[in-house]
Amino acid sequence: GTVIECCPTSNLRIGGVPDAKHHPIHRFLASSVNLCLCTDDPGTLDITLASEIEWVLRHTSHTPKSLSQRLGNPRRFQLGK
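FYI, the numbering for the sequence shown is 397 to 477, going by the numbering used here.
Listed below in structure tokens is the structure:
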């Protein structure tokens, strides 16, 4: 199936979205779409997966447990599976 890779910090830094309130991750999390959180370019943007997860927790109503349940194991989306 289709999977959306979401890089919240990168999206904001490059101007893809105006602010956290208007980030499409809110719609993605509220829907049943398959979703993975990603870092985009950690070397250039100084972003880690942990910091992206923290961003989502700060800017949504999710708890660590509910976010983990919503996202599940991203390895299920590996190519060739």
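Backbone N, C-alpha and C define an ideal beta-carbon position, used for all residues, glycine too. On a predicted model such as this, the values are computed, not experimentally measured, just so you know.
Kindly indicate which three-state DSSP category Val399 falls into: helix, strand or coil?
The answer is strand: DSSP assigns Val399 an E or B state.
When the Cα atoms are used, what is the spatial distance from Gly439 to His422?
Approximately 26 angstroms, taken between the alpha carbons.
Asn430, DSSP secondary structure in three states:
Three-state result, Asn430: strand.
Would you grab the beta carbon distance between Leu431 and Leu425 for me? Rounded to a whole angstrom, and I think it's under 8 angstroms.
Sure, about 7 angstroms apart at Cβ, within 8 angstroms.
Taking the alpha-carbon positions, what's the Ser464 to Ser406 distance?
Going from the Cα of Ser464 to the Cα of Ser406 covers about 21 angstroms.
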